[in-house]
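In order, the protein sequence lines correspond to chains P and Y. If you use the working numbering, the first sequence closes out at 337, no skipped numbers anywhere. If you use the working numbering, the second sequence closes out at 1337, no skipped numbers anywhere. What follows is a single structure, written as structure tokens, with notes after it.
2 protein chains.
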Amino acid sequence: MGETVVSIGDVAKAAEVSTSTVSYVLSGKRPISKETADRVHRAIRELGYRPNAGARALAGGRTNVIGLVVPLRADLSLPVLMEFAAAVVTRGRQSEYDVLLLTHEEGVAGLRRVAASSLADAFIVMDVQADDPRVPILRALHVPAVLIGLPGRPVGLSCVDLDFAASAALLVDHLVDLGHRSLALIGSPAAVYDRHTGYAQRVLSGFGSAAQRAKVTTIWTPCEPSFDGLRRAVADVLSRQPDTTGWLLHNESVLPSMVAVLQEFGRSVPGDASVVTICPDDMADTHAVAFTNVGLPANDVGEIAVEMALRHLEGASAVETRLLAPVMTERDSTRRL
Amino acid sequence: MGETVVSIGDVAKAAEVSTSTVSYVLSGKRPISKETADRVHRAIRELGYRPNAGARALAGGRTNVIGLVVPLRADLSLPVLMEFAAAVVTRGRQSEYDVLLLTHEEGVAGLRRVAASSLADAFIVMDVQADDPRVPILRALHVPAVLIGLPGRPVGLSCVDLDFAASAALLVDHLVDLGHRSLALIGSPAAVYDRHTGYAQRVLSGFGSAAQRAKVTTIWTPCEPSFDGLRRAVADVLSRQPDTTGWLLHNESVLPSMVAVLQEFGRSVPGDASVVTICPDDMADTHAVAFTNVGLPANDVGEIAVEMALRHLEGASAVETRLLAPVMTERDSTRRL
DNA sequence: AACAATCATCGATGCGCTTCGATGCAGCGG
DNA sequence: CCGCTGCATCGAAGCGCATCGATGATTGTT
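The following block contains the structure:
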């Protein structure tokens, strides 16, 4: 069974029908009587037939493959990235799609290559920056594209992401509710801002405007992804705003070090300092002090991205932008002042 | 330029040759004079031609795609996984291969599906366990396969991995050299051992035999990937072997917590406790106390996996197993007793 | 100068599938 | 009982490419 490669012709022969009938049974694009359909299905099962992907793509004009473009040398948190990717693959498979893994590093050329050689029917692109050179290409290519994350301004492509501005605002409000009046934002590495990466900017502005509304004083600093980087960031904050008691940390990779570093500076959590963060829920949970956080719903975002892409593949031309509402979970890292 | 889809026929017309000539120029499988080759290349450039992947796969019998099977809900460290994947994609691209991302979860059926529909020419499979049901399938499928990690016993498939046994031994020797006589291994989550995952077992046996050779006392415990899990593991070790001074931690996800937890138990690092670990070098570096480690060369392993697969695709039938020699780097977490 | 041995190129075929137009057949109304 | 409609199915064409055998053009040989 299934030893040698079996083609649609073999199935047709076994079921005593023509190849087109087999094809129609499989695609359902024309009515086939129940009896013959059954015969065909039985033949398929007995022979272990699978349509050849290349032939199908050639004849049908679609590959059933989604190109997923991932920043591999990212400042993003790798675990988060993996969760996106996992969600995309899993959701894709549910709709008979496979996923081709592409890297940021191939850039515009990669997109061109994949599109021109019909390797994928759609793209999902992570970590798009303001004025990303790939955006115009994606628009020009006649291939649906969905962005995970928002570029600076709307660009005529569908996007999905956590609402980072609202998330930051929600966390600020929470700190304010707890009585904190002097807040600090410890952000992403400086390079992320230099590249005008959307989510970092949005956190910054959400933080700023919420704090302004609440009339509390704030300070902000980027933070390199190392223990020393965090130490410098905290030192910087405390030298410029010594009475800081509320900390919003938006930098997954130094999350594990935050409590220890504050300790070094004589601040215990949550006694002297309340810390909130934006990160996946499971990440917030696995530390000495569990962090009050807004969850980063990587799984949802990945699934939604696929669903948007599928909708485009089915002909929908309307561009959508979905910002997921933040969900905060109180844990052990925050306390009323 | 390149607006509408351009096929090999268009190139042929533009270069005033036959399609077969274009094909031969591209593949180099027959000699073509420099002049016509130049004409063809110019036409290709001017038209922006890219061979259609589906057609090429259909006619040529190879897809130029490698299937990469990744455990998405892994106990493995996600960052390490990403680094493997990145290396595979990058190295693959250097040889004109793309990468199809598949998940463990699809299991045997996924392999069957991809192979039978000719979606990939080869598989690279991560995190194979002893008696993994996919191994017999991989062997039966007429598709080259390379395993990242060693299954329990040799299985007639090419493998590549860090030599975990030697790594553990090297670290034990180092601790012993520093005068430690009472060692603990804090390992992976219990589930990993239950599944008989190769690398975990090999660390365990390398640890055990090196310690035995050195005649030092040892203790071992698994560890769940959370702060509390580590706390329990350390408590367990200290209750059963209170004089432990040398710690081998093989569990990336709790690495950031190790110093804090030992602190809780009144052990400072490296004053009262020396800690060594197996993890990527950059991970060892970004903590309060930089860890003495054996590097996990995910990048190398990924590249080698691709190269092995390529060799098989070129006809090499010899199965190889490559265990990469451990490289230790001393940092701040170890000290002479 | 005639012929064999390259060399460069062409045309035709087939890979496995989808899709379109065509065909046969049953059932229907008149 | 004839033509018509609608359903189930078939056959053929074509998707874009690789490859094989064949052909014409060169070169080398004696």
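Using N, Cα and C, we set each Cβ at its ideal position, and we do this for glycine too. In this text, all values refer to a predicted model and were calculated from it rather than measured experimentally.
Whether residue i touches residue j by CB criterion (8 Å)
i: V1301 of chain Y; j: L1162 of chain Y; result: yes
i: E1207 of chain Y; j: I1148 of chain Y; result: Sequence check: residue 1207 of chain Y is Phe here, not Glu. It is not a contact, given that the beta carbons lie outside the stated cut-off.
i: V1234 of chain Y; j: L1262 of chain Y; result: yes
i: S1023 of chain Y; j: I1008 of chain Y; result: yes
i: G92 of chain P; j: L183 of chain P; result: no
i: V1069 of chain Y; j: F1123 of chain Y; result: yes
i: A305 of chain P; j: V160 of chain P; result: yes
i: A87 of chain P; j: E320 of chain P; result: no
i: V1254 of chain Y; j: C1223 of chain Y; result: yes
i: I66 of chain P; j: D121 of chain P; result: yes
i: A1210 of chain Y; j: A1273 of chain Y; result: no
i: E105 of chain P; j: L72 of chain P; result: yes
i: V108 of chain P; j: P133 of chain P; result: yes
i: D173 of chain P; j: A214 of chain P; result: yes
i: G1187 of chain Y; j: T1221 of chain Y; result: yes
i: M1258 of chain Y; j: L1249 of chain Y; result: yes
i: S1117 of chain Y; j: P154 of chain P; result: no
i: V99 of chain P; j: L1101 of chain Y; result: yes
i: V25 of chain P; j: A37 of chain P; result: yes
i: L1157 of chain Y; j: I1137 of chain Y; result: no
i: R1045 of chain Y; j: Q1129 of chain Y; result: no
i: D281 of chain P; j: T329 of chain P; result: yes
i: L1058 of chain Y; j: A55 of chain P; result: yes
Nearest candidate by alpha-carbon position, reference residue i, set the options
i: L1076 of chain Y; options: Y:A1211, Y:P1031, Y:P1189; result: Y:P1189
i: Y193 of chain P; options: P:L183, P:L171, P:I32, P:S205; result: P:S205
i: N1131 of chain Y; options: Y:V1319, Y:L1150, Y:W1247; result: Strictly speaking, residue 1131 of chain Y in this sequence is Asp, with Asn absent from that position. The candidate whose alpha carbon is nearest that of D1131 of chain Y is Y:L1150.
i: L1337 of chain Y; options: Y:H1180, Y:L1141, Y:T1103, Y:S1118; result: Y:H1180
i: V114 of chain P; options: P:A86, P:M82, P:R62, P:V155; result: P:R62
i: V1006 of chain Y; options: Y:V1203, Y:G1048, Y:V1128; result: Y:G1048
i: V289 of chain P; options: P:E303, P:I304, P:P270, P:E307; result: P:P270
i: D1264 of chain Y; options: Y:A1284, Y:M1283, Y:R1232; result: Looking at the sequence provided, one finds Glu at residue 1264 of chain Y rather than Asp. For E1264 of chain Y, the nearest C-alpha among the options comes from Y:R1232.
i: A43 of chain P; options: P:V216, P:S268, P:L101, P:A14; result: P:A14
i: L119 of chain P; options: Y:H1287, Y:V1155, Y:A1053, Y:Q1094; result: Y:A1053
i: V327 of chain P; options: P:E307, P:H312, P:T292, P:R311; result: P:T292
i: R1202 of chain Y; options: Y:P1225, Y:A1165, Y:D1173, Y:L1238; result: Y:A1165
i: G1315 of chain Y; options: Y:L1323, Y:S1268, Y:V1143; result: Y:V1143
i: S1226 of chain Y; options: Y:L1238, Y:R1112, Y:A1260; result: Y:A1260
i: R1331 of chain Y; options: Y:L1230, Y:L1313, Y:T1277, Y:N1299; result: Y:T1277
i: S1018 of chain Y; options: Y:V1125, Y:K1034, Y:V1040; result: Y:V1040
i: D243 of chain P; options: P:T218, P:H312, P:E16; result: P:T218
Range covered by the alpha helix (DSSP H) that runs through residue i
i: L81 of chain P; result: 78-94
i: D1038 of chain Y; result: 1034-1047
i: S253 of chain P; result: From DSSP, S253 of chain P is part of no alpha helix (DSSP H); its letter is neither H nor E.
i: G1110 of chain Y; result: 1107-1116
i: V135 of chain P; result: 134-140
i: A190 of chain P; result: 190-194
i: L296 of chain P; result: First-last for L296 of chain P: undefined, no H or E at that position.
i: V5 of chain P; result: Neither: V5 of chain P is in no alpha helix (DSSP H) and is coded neither H nor E.
i: A1284 of chain Y; result: 1281-1285
Residue interval of the beta strand (DSSP E) (run including residue i)
i: L1185 of chain Y; result: 1182-1186
i: F164 of chain P; result: Taken as a continuous stretch (DSSP letters only), F164 of chain P belongs to no beta strand (DSSP E), being part of the alpha helix (DSSP H) at 164-177.
i: R322 of chain P; result: 321-324
i: L147 of chain P; result: 145-148
i: S1257 of chain Y; result: Note, S1257 of chain Y: premise wrong, no beta strand (DSSP E); not H, not E.
i: S27 of chain P; result: It is not in any beta strand (DSSP E) - S27 of chain P instead sits in the alpha helix (DSSP H) that spans 19-27.
i: D127 of chain P; result: Taken as a continuous stretch (DSSP letters only), D127 of chain P belongs to no beta strand (DSSP E), as it is neither H nor E.
i: D1098 of chain Y; result: 1098-1103
Return the chain-ordered ranges of every alpha helix (DSSP H) run that is complete within the region 1204-1240 of chain Y and spans a minimum of 4 residues.
1227-1240
Could you list the residues in the region 94-117 of chain P with a C-beta less than 9 Å from some C-beta on chain Y, going in chain order?
D98, V99, L100, L101, L102, T103, E105, E106, G110, R112, R113, V114, A115, A116, S117
What residues in the region 118-130 of chain P have a beta carbon less than 8 Å from any beta carbon of chain Y?
S118, L119
Give, in chain order, every residue of the region 188-206 of chain P whose Cβ lies closer than 8 Å to some Cβ of chain Y.
none
Which parts of the region 1050-1076 of chain Y are runs of the beta strand (DSSP E), unbroken and 3 residues or longer, counting only runs that do not cross its ends?
1065-1070
In chain order, what residues of the region 1039-1058 of chain Y put their CB closer than 9 Å to some CB of chain P?
G1048, Y1049, R1050, P1051, N1052, A1053, G1054, A1055, R1056, A1057, L1058
Using Cβ-Cβ distances below 8 Å, what residues of the region 1010-1025 of chain Y are close to chain P?
So nothing in the stretch comes that close.
Going along the chain, which residues of the region 1212-1228 of chain Y sit with their C-beta nearer than 7 Å to a C-beta in chain P?
Of all residues in the region 1212-1228 of chain Y, only P1225, S1226, F1227 come within less than 7 Å of chain P when Cβ atoms are compared, listed by chain position.
Select from the region 246-259 of chain P all residues with a C-beta closer than 9 Å to any C-beta belonging to chain Y, and list them in chain order.
Of all residues in the region 246-259 of chain P, only S253, V254, L255, P256, S257, V259 come within less than 9 Å of chain Y when Cβ atoms are compared, listed by chain position.
Against chain P, which members of the region 1273-1288 of chain Y pass a CB distance test of less than 8 Å?
Across the region 1273-1288 of chain Y, CB contacts with chain P closer than 8 Å involve D1285, T1286, H1287, A1288, in sequence order along the chain.
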